[in-house]
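Novice:
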Amino acid sequence: MTATLTTLSTSDGHGRGYLLLPPAGGTLRAFGPLADAAGADVWGVEYPAHGERLAEAPAASIEELATLVAEAMPKEWFSRTVTIGFGMGAFVALETAQRLGVAPGALIVVDACAPQRRTPDKNAKAGASAMGRVFGRTGLTPVAGYRDSPERWEYALDLLLGDLQLLNAYRGPVRTRLSCPLAAMRGTDDPASASGDDATGGWRVWTSGPFVGRVVPGGYLGVLESGREAGFWSRIHRLEAAFLDVEPDVA
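FYI, the UniProt record's numbering numbers position 65 of the sequence shown as 65, with every residue one higher than the one before it.
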């Protein structure tokens with residue numbers, strides 16, 4: 001079992017490209033419109049047992065998943081690319097960087113609680129119907145997009161529950177800081193933010209480079225909702241510009 005790097009969008013521009021890592025329950029299908037609106041080179045990784053790789057066995061842990069992703073990443077390429085991890089994809093990105101021994105060009109985490117502030121086993125006893133109600137209410141785009149078909153809805157929930165098992169067992173990465181710019185983006189209506197968790201600022205300790213935290217309108221992964229693609233990339237470009245105005249942590 002290996003991971004493969006998939007080209008989602010190409011551009012004639014010469015700027016840095018973007019690597020997208022899906023959230024729990026997510027597939028590259030959810031990134032199609034987003035990649036089309038980027039105006040840049042965009043790549044993604046389809047996790048085993050997801051999307052076009054449905055027939056493959058799933059990874060047994062976040063660590064194993066990151067190892068598979070790292071095997072598909074040329075180090076020099078990874079070090080020039082802006083990696084954007086959505087939810088679970090943020091932890092996959094951290095673990096991938098540790099396995100490669102090199103930081104990405106920049107890391108942007110979207111709606112992911114800082115590792116040291118997570119609550120493992122939070123959803124360990126939740127069933128499919130319960131998680132469907134929770135994520136239907138909070139706007140989990142990879143799941144919500146399948147509501148028009150009972151069969152596809154069941155498929156989406158199976159993916160989500162499988163990934164949540166990985167997250168519940170995940171105890172967090174080794175405390176090794178990256179050296180690249182890091183930005184954390186969180187929705188105002190995300191339940192974790194509403195509970196008072198400082199999910200954006202908590203990411204500051206994970207890099208010695210510039211850090212920027214932003215809270216944006218919307219629920220969990222609301223930035224992936226249809227029609228918000230241009231706004232998403234505008235926010236990403238503003239984050240990249242903000243890196244230039246932030247002094248790195250030299251402590």
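Note that the Cβ used here is the ideal one computed from N, Cα and C, for glycine as well.
What are the boundary residues of the alpha helix (DSSP H) that Ser79 is part of?
Specialist: 75-80
Novice: Could you tell me the alpha carbon to alpha carbon distance between Phe232 and Gly32, rounded to whole angstroms?
Specialist: 14 Å
Novice: On the three-state DSSP scale, how would you describe Arg53?
Specialist: helix
Novice: Which residues bound the beta strand (DSSP E) around Ser9?
Specialist: 5-9
Novice: With 16 other CB atoms within 10 Å as the buried threshold, where does Arg238 fall?
Specialist: That one is exposed.
Novice: Leu5 and Val45 look like a contact to me (Cβ under 8 Å); what is the Cβ gap, rounded to whole Å?
Specialist: 6 Å
Novice: Which residue from Pro210, Leu8, Glu71, Ala93 puts its Cα closest to that of Pro23?
Specialist: Considering only alpha carbons, the answer is Ala93.
Novice: What's the C-alpha gap between Leu140 and Gly172?
Specialist: For Leu140, the predicted model reports a pLDDT of 47, less than 50, meaning its position is unreliable and no value from the coordinates is stated.
Novice: Taking contact to mean at least 3 C-beta pairs separated by less than 8 Å, is the region 154-171 in contact with the region 51-62?
Specialist: yes
Novice: Just the C-alpha distance for Gly209 and Gln165, rounded to the nearest angstrom, thanks.
Specialist: 32 Å
Novice: How is Tyr18 classed by DSSP in three states: helix, strand or coil?
Specialist: strand
Novice: So what does Trp43 bridge to, in DSSP terms?
Specialist: Thr7, Leu19
Novice: Just to confirm, is the Cβ distance from Gln98 to Gly202 under 8 Å?
Specialist: no
Novice: Considering only the beta carbon of each residue, do Arg16 and Val82 sit closer than 8 Å?
Specialist: yes
Novice: Would you identify the three-state DSSP class for Leu140, choosing helix, strand or coil?
Specialist: Confidence at Leu140 is low in this model, with a pLDDT of 47, below 50, so its placement is unreliable and no value can be given for it.
Novice: Can you name, in chain order, every residue of its own chain whose Cβ lies under 6 Å from the Cβ of Val42, other than the five neighbours on each side?
Specialist: Within the same chain, Val42 has close Cβ partners Leu8, Ser9, Tyr18, Ala35.
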